[in-house]
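First residue of the sequence shown? That's 1 in UniProt numbering, and the numbers climb one at a time after it.
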Amino acid sequence: MLDTKGGSSPVAQQRHLVGRPLPDAVRRAARRCADVALTVARQPYWERPNETWLVRRWPDLTATVTATLFYWLSLTPSLVPRPWYLQGLVGGITSAIGYALGALLSWVVPAVVRWRPSEPTRTRVRVRAWQAFFLLAPLLTVLLLSESAHMQRELRKLQGLPPTLTWHSLMITLIAIALCWLLLVLARLVRLGTRALIRLLLRFVPKPLAVFAGLLISAVVVMFGAKNVVFERGVIDMASRIAANTDQSTKDGVVQSDSPYVSGSPESLVAWDDLGYQGRNFTGSVLSREQISSFTRKEAMDPVRVYVGRAAGGGYAEQAKLAIAELDRTGGFDRAVLAIAGTTGSGWIDARTAEPLEYLYNGDTAVVAIQYSYLPSWVSFLVDREEAGRATRELVTAVEERLESMPEDRRPRLVVFGESLGATAVEDAFDGVDDLLARTDGALLVGPPNYSPIRTEVTERRDPGSPVWRPVYDNGRHVRFAQYPQRDLLLPEGAPWERPRVVYLQNASDPIVWWSPGLAVRSPEWLRPPTGPDVSAEAQWFPFVTFWQLTVDMAMSYGVGAPHGHRYGTNAVEGWAAVIPPEGWTAADTLRLKAFAEAHEAPY
Numbered sequence: 001m002l003d004t005k006g007g008s009s010p011v012a013q014q015r016h017l018v019g020r021p022l023p024d025a026v027r028r029a030a031r032r033c034a035d036v037a038l039t040v041a042r043q044p045y046w047e048r049p050n051e052t053w054l055v056r057r058w059p060d061l062t063a064t065v066t067a068t069l070f071y072w073l074s075l076t077p078s079l080v081p082r083p084w085y086l087q088g089l090v091g092g093i094t095s096a097i098g099y100a101l102g103a104l105l106s107w108v109v110p111a112v113v114r115w116r117p118s119e120p121t122r123t124r125v126r127v128r129a130w131q132a133f134f135l136l137a138p139l140l141t142v143l144l145l146s147e148s149a150h151m152q153r154e155l156r157k158l159q160g161l162p163p164t165l166t167w168h169s170l171m172i173t174l175i176a177i178a179l180c181w182l183l184l185v186l187a188r189l190v191r192l193g194t195r196a197l198i199r200l201l202l203r204f205v206p207k208p209l210a211v212f213a214g215l216l217i218s219a220v221v222v223m224f225g226a227k228n229v230v231f232e233r234g235v236i237d238m239a240s241r242i243a244a245n246t247d248q249s250t251k252d253g254v255v256q257s258d259s260p261y262v263s264g265s266p267e268s269l270v271a272w273d274d275l276g277y278q279g280r281n282f283t284g285s286v287l288s289r290e291q292i293s294s295f296t297r298k299e300a301m302d303p304v305r306v307y308v309g310r311a312a313g314g315g316y317a318e319q320a321k322l323a324i325a326e327l328d329r330t331g332g333f334d335r336a337v338l339a340i341a342g343t344t345g346s347g348w349i350d351a352r353t354a355e356p357l358e359y360l361y362n363g364d365t366a367v368v369a370i371q372y373s374y375l376p377s378w379v380s381f382l383v384d385r386e387e388a389g390r391a392t393r394e395l396v397t398a399v400e401e402r403l404e405s406m407p408e409d410r411r412p413r414l415v416v417f418g419e420s421l422g423a424t425a426v427e428d429a430f431d432g433v434d435d436l437l438a439r440t441d442g443a444l445l446v447g448p449p450n451y452s453p454i455r456t457e458v459t460e461r462r463d464p465g466s467p468v469w470r471p472v473y474d475n476g477r478h479v480r481f482a483q484y485p486q487r488d489l490l491l492p493e494g495a496p497w498e499r500p501r502v503v504y505l506q507n508a509s510d511p512i513v514w515w516s517p518g519l520a521v522r523s524p525e526w527l528r529p530p531t532g533p534d535v536s537a538e539a540q541w542f543p544f545v546t547f548w549q550l551t552v553d554m555a556m557s558y559g560v561g562a563p564h565g566h567r568y569g570t571n572a573v574e575g576w577a578a579v580i581p582p583e584g585w586t587a588a589d590t591l592r593l594k595a596f597a598e599a600h601e602a603p604y
C-alpha cells in the first residue's frame with residue numbers, strides 16, 4: 001500500500017518490521033542476558049577467588065538475613081512521627097547492627113555445633129537459601145514499607161497532625177542499604193588492618209601474643225579515632241564553634257531593654273554584650289507593665305529579669321554573686337515571688353514558662369538565672385552535663401543565704417523552674433524530693449530528661465498501679481505529673497494536695513523524657529500496657545532498634561504540636577496556677593490566661 005507521495009504507509013512499515021527477523025547483535029545480546037540470568041539463578045552469590053579477600057567478598061547469608069530483619073523492625077513506629085529520610089537513617093544503622101549480630105551468630109554456631117554436612121549439601125542449601133532470600137525479601141520489604149507508612153499516618157493522627165505523609169519507600173531503602181554498606185566496608189577495613197598488624201607482630205612474638213596484641217591495638221585505635229578524632233575533634237569542635245559564634249549574636253527583632261529592672265539595660269551591672277545569645281533573648285523580650293495590664297486589667301509592675309552570662313567572667317560562685325547584686329539593684333528581693341530558673345546547655349529559658357508567672361502576679365515577680373554553657377543541650381549532656389547542676393546549686397545557695405539575712409515576713413516566696421536540661425539543672429541543685437520541698441515554695445519542671453535525679457527517685461517510688469508515664473507519688477500529696485493539666489492535676493481524685501507543690505509537665509510521647517542507653521538491651525516500662533494516651537499501640541521494643549529510633553526521635557521531638565513530643569505549649573499556665581496561685585485566683589482565671597497565652601506567639 002502506497003501513500004499519495006508514493007511511500008509506504010505506517011501500517012505497512014509496522015507489518016514489514018514485525019515480519020523481519022531480529023538482527024544478530026540483538027539476538028546475541030538477548031541470549032547473553034538470558035545466560036547471565038540463568039547463571040545467577042543457579043548460583044545467586046559470588047565466590048571470592050582468594051580467602052585473603054576480606055573487603056571484596058560476598059555478604060554472609062545469616063548476617064544479611066539478620067540485617068534485613070533489623071531493617072524491617074526499624075519500620076515500626078516509636079514515639080513521634082519520622083520523615084522518610086530519617087527513617088532511612090534509622091534503617092541503615094540498625095541494619096548494620098543486625099549484620100554484625102548475624103555475622104557473630106554465623107561464626108559461633110559452627111564453632112559450637114559439631115555437625116558438618118558435605119560440601120555438595122552445603123552448596124545446595126546455600127543456593128536455595130539465597131534464592132529464597134532474593135525472592136521473598138523484596139516482596140516483604142514492599143509490604144512492610146506500605147504498612148509502615150500506614151502506621152506513621154495513624155501516629156500523626158494520634159498526635160493531632162494531618163495524616164498526609166510523604167513516604168519515599170524506594171529512597172528509604174536505598175539510604176538504608178547505602179549506609180549499611182558503608183558501615184560494613186569500614187568494619188571490613190578495620191578487620192583487614194587488624195590482620196595485617198597481627199602478621200607484622202608474628203615476626204617478633206609468638207602467635208597467641210601477636211593475636212591478643214593486634215586485637216587490643218586495633219580496638220584502642222578504633223575507639224580513640226571514633227571518640228577523640230571523629231567525635232570530639234570533629235563533631236563536638238564544630239558544634240562548639242557554631243555555638244560560640246551564635247552566642248555572640250542577637251536574634252533578629254530582639255533589642256536591648258531600657259527597663260531598669262532587667263539585666264543588660266543601661267543601668268545593669270551586666271553588660272548587654274555579656275548576656276549571651278539566649279540571655280539577650282530572655283531580657284530583651286521582657287514583658288512591659290502595659291502588656292501585663294492588658295490581661296490583668298489593673299495597674300501592673302515591670303517584672304524583674306536577672307540573667308548573668310558566661311561572658312560576664314569568673315566561675316559559678318562569682319556569677320551567683322553578680323546575680324545577687326543584680327537582684328538587689330532591681331529590687332528583686334522585694335517582689336512577691338522570686339523564681340530561680342535552670343537553663344539548658346545554650347542558656348535558654350522558655351518564655352512560655354516564665355511569662356505565665358509574671359501575668360499571675362501582675363508583674364510582681366523576679367526571675368534569676370545564670371548561664372553555665374553556650375553549647376547545645378545535646379553537646380552539654382555529653383561533655384559537661386554536671387556543670388548545669390553545679391551552676392544552679394551555686395545560684396540557689398547564694399539566693400538562700402541572701403533570703404536568710406532578711407526578716408522572715410519580708411521574704412518573697414521562692415520557686416524554681418526549668419525545662420529539659422534546665423529541669424535537670426534544678427534537680428541537681430537539691431538532695432532529693434524532700435530537700436526540694438523543704439527549701440522552696442514550689443517547683444515547675446517541664447520535660448525532664450530520663451536521668452534527672454529527683455524525677456527518677458519519684459518515679460521509682462511511685463504508688464503501685466500507677467503507670468511510669470503518669471506516676472502517682474505519695475498519693476499526690478505534694479508532687480503531681482501532667483500531660484493534660486486540667487485533667488491530670490486533679491488526680492488522684494479526691495486526694496488532698498498540700499503545699500509546697502511540685503508539678504511535672506511530662507508528655508508520654510516525649511523521647512527526651514524516655515531516652516536512655518539502656519534502651520539498647522532492656523525493654524522500657526513506658527512501652528508496657530497501658531501505654532500513654534498519644535503512644536501508638538504498634539510501638540514495640542526491639543533490641544538496639546528502639547534505642548536508635550528514640551535517638552532520631554529526639555531530633556524530631558519539636559516537630560509535633562503540644563502536648564506531644566517535647567512540645568509543652570502553654571501548659572505552664574496551669575502548672576503555675578497549681579504550684580503557686582496568687583490570693584483570689586480562680587479556675588476561670590486560669591482558663592482566661594490560657595486562652596490569652598495561646599493567642600500570643602512566643603517572643604523567641
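We put the CB at the ideal spot given by N, CA and C, even for glycine.
Item                                                                                                                                                                          : Value
What does the alpha-carbon distance come out to for the pair Pro163 and Arg156?                                                                                               : 6 angstroms
Pairing CB atoms from the stretch 59 to 67 with CB atoms from the stretch 95 to 114, are three or more of them under 8 angstroms?                                             : yes
Could you give the distance in angstroms between the alpha-carbon of Val545 and the alpha-carbon of Tyr504?                                                                   : 29 angstroms
Kindly indicate the opening and closing residues of the beta strand (DSSP E) around Ala482.                                                                                   : Val479 to Ala482
Take Glu290 as the anchor and find which of Ala555, Glu598, Ser259 and Pro77 has the nearest alpha-carbon.                                                                    : Ser259
Between the Cα of Ser257 and the Cα atoms of Asn245, Thr246 and Trp272, which residue gives the shortest distance?                                                            : Trp272
Between the Cα of Phe70 and those of Arg329, Gly88, Arg56 and Val80, spot the shortest distance and give me the residue it belongs to.                                        : Gly88
Would DSSP call Val433 helix, strand or coil?                                                                                                                                 : helix
As a quick exercise: from Glu386, Asn450, Glu457 and Val433, pick the residue whose alpha carbon is nearest that of Arg425.                                                   : The residue asked about is misnamed: residue 425 is Ala in this sequence, not Arg. For Ala425, the nearest C-alpha among the options comes from Glu386.
From the DSSP output, which residues share a beta bridge with Ile340?                                                                                                         : Val368 and Val416
Once you ignore the five residues that flank Met406 on each side, which residues in its own chain have a CB closer than 7 angstroms to its CB?                                : Phe333
Output the distance between the C-alpha atoms of Asp474 and Ser263, rounded to the nearest integer angstrom.                                                                  : 40 angstroms
Would you grab the beta carbon distance between Ala341 and Val368 for me? Rounded to a whole angstrom, and I think it's under 8 angstroms.                                    : 7 angstroms
Starting from the Cα of Ala429, find the closest Cα among Thr121, Glu404 and Ala398 and give me that residue.                                                                 : Ala398
Using DSSP with H/G/I as helix, E/B as strand and the rest coil, what is Arg410?                                                                                              : helix
Helix, strand or coil for Arg501 per DSSP?                                                                                                                                    : strand
Just to confirm before moving on: does the CB-CB distance between Asp488 and Ser509 stay below 8 angstroms?                                                                   : no
If I measure Cβ to Cβ from Phe381 and keep anything under 8 angstroms in the same chain, skipping five residues before and after, which residues do I get?                    : Gly345, Leu421 and Pro449
Check whether the stretch 279 to 297 and the stretch 358 to 376 are in contact - that is, three or more C-beta pairs closer than 8 angstroms.                                 : yes
Are Leu357 and Val379 closer than 8 angstroms when you measure CB to CB?                                                                                                      : no
Report the three-state DSSP secondary structure of Phe442 (helix, strand or coil).                                                                                            : At residue 442 the sequence reads Gly, which differs from the Phe that was named. Strand.
Hey, Pro568 and Asn281 are a contact pair by Cβ (cut 8 angstroms); roughly how many whole angstroms apart?                                                                    : The sequence shown places Tyr at residue 568, rather than the Pro named in the question. Contact doesn't hold; Cβ gap of about 18 angstroms is too wide.
Can you tell me where the alpha helix (DSSP H) with Asp352 in it begins and where it stops?                                                                                   : It is Arg, not Asp, that sits at residue 352 in the sequence shown. From DSSP, the alpha helix (DSSP H) with Arg352 extends over Ala351 to Leu360.
Is Val55 near Val229, with beta carbons less than 8 angstroms apart?                                                                                                          : no
With a CB to CB cut of under 7 angstroms and the five nearest residues on each side skipped, what residues in its chain are close to Pro582?                                  : Leu360 and Tyr361
Which residues in the same chain as Phe295 place their Cβ atom closer than 6 angstroms to its Cβ, once the five residues preceding and following it in sequence are excluded? : Tyr359 and Phe596
Could you say which of Leu593, Asp274 and Val205 lies nearest to Ser373 if we only look at CA atoms?                                                                          : Asp274
Please report the distance separating the alpha-carbon of Leu17 from that of Arg32.                                                                                           : No answer about Leu17 holds up, because its pLDDT of 45 lies below 50 and its placement is not dependable.
So, at 7 angstroms on beta carbons, what are the nonlocal neighbours of Val11 in its own chain, with the 5 sequence-adjacent residues on each side left out?                  : At Val11, the pLDDT of 48 sits below 50, so the modelled position is not reliable; the number obtained from the coordinates is stated separately. Closer than 7 angstroms at Cβ, skipping near neighbours: no residue.
With DSSP run on the structure shown, which of helix, strand or coil describes Val304?                                                                                        : strand
Apart from the five residues on each side of it in sequence, which residues of its chain come closer than 7 angstroms, Cβ to Cβ, to Leu183?                                   : Ala96
Since I believe Arg461 is in contact with Val579 (beta carbons under 8 angstroms), could you give me their beta-carbon distance rounded to a whole number of angstroms?       : Not really, about 21 angstroms apart at Cβ, beyond 8 angstroms.
Is residue 605 near Ser74, with beta carbons less than 8 angstroms apart?                                                                                                     : This structure gives no information on residue 605, because the portion of the chain shown stretches from 1 to 604.
Whole angstroms are fine: how far does the CA of Asp24 sit from the CA of Gly6?                                                                                               : At Gly6 the pLDDT is 45, less than 50, meaning the model places this residue with poor confidence; the figure from the coordinates comes in the next sentence. So the alpha carbons of these two residues sit roughly 31 angstroms apart.
Exposed or buried, Glu119, counting other C-beta atoms within 10 Å across all chains shown (16 or more means buried)?                                                         : exposed
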